[in-house]
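Participant: Okay, so the sequence shown: first residue is 261 according to our numbering, each after it adds one.
Structure in structure tokens, see below.
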Amino acid sequence: MGWLSVVRNRAVPVPEGVVLEPGERVLATAAAEGSTVVITSRRLVVPGDLDEGKPWHLVDGGRWDPEESVLAVTWVDGSPAGRWHLTKPGGVPDAFHERVNASVLLVEQVRIDPTRRARVVLRKDLTTDRVLAQTIVARGCAPDDPQLVAVTEEVAARLAEQVGREA
């Protein structure tokens, strides 16, 4: 990344108190109402909301609305969704999209019937390079449904085999 890209991607300075881990880099920043959104190579940090940050493999979904200048994020672990109005987006929308995609290796939808569905996602922890299998059960489905658990475990094992790793 050239110097001009770094300047363009950092709409605002990195706030004091954001501590980077060894090898972690800031890729983009954006001014948000009341805070700053910081995109690093390993996590999303928003002082006041996500002080320690959340690693990319925990992002379930995200949406950038350019008309409203809102970045909305949902999490695999069920944490409350994040929603930030970016007053100076800088390179945050593009860097967010790139980092989430970098963590996703494979995705497969599982559908036993119309009411029992899940998504199996093979993700990479961008800090450790460890491969993780995540099962995201559709709304209204029982996460401990024995048949759904069995099928998603089989899918996770097959996906991990495809990338030559154990999940």
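Built from N, CA and C at the ideal position, the CB exists for glycine as well.
How would you label P353, buried or exposed, when you count the other beta carbons within 10 angstroms and need 16 or more for buried?
Facilitator: Buried: at least 16 other Cβ atoms inside 10 Å.
Participant: Going by C-alpha distance, which of V298, T387, L382 and D389 is nearest T395?
Facilitator: Considering only alpha carbons, the answer is L382.
Participant: My understanding is that R285 touches W316, with C-beta atoms under 8 Å, so please give their C-beta distance in whole angstroms.
Facilitator: With a Cβ gap of about 13 Å, R285 and W316 do not count as contacting.
Participant: With a cut-off of 8 Å, do at least 3 Cβ pairs link the region 369 to 381 to the region 407 to 417?
Facilitator: Touching, yes, given that three or more Cβ pairs across the two stretches are closer than 8 Å.
Participant: Taking S295 as part of the beta strand (DSSP E), name the residues at either end of that continuous run.
Facilitator: S295 to T300
Participant: Starting from H345, trace the beta strand (DSSP E) in both directions and tell me its first and last residue.
Facilitator: G342 to K348
Participant: Using a Cβ-Cβ distance cut-off of 8 Å, determine whether R390 contacts chain B.
Facilitator: The chain inventory of the structure shown lacks chain B, comprising one protein chain alone.
Participant: Can you give me the C-alpha to C-alpha distance between P326 and A292, rounded to a whole angstrom?
Facilitator: 14 Å
Participant: Determine the DSSP secondary structure at V367, reduced to helix, strand or coil.
Facilitator: strand
Participant: Pull up the distance between the alpha-carbon of A420 and that of L366, whole angstroms please.
Facilitator: 9 Å
Participant: With DSSP as the reference, label T375 as helix, strand or coil.
Facilitator: coil
Participant: Should G322 and V333 be called a contact, given that it needs their Cβ atoms to be closer than 8 Å?
Facilitator: yes
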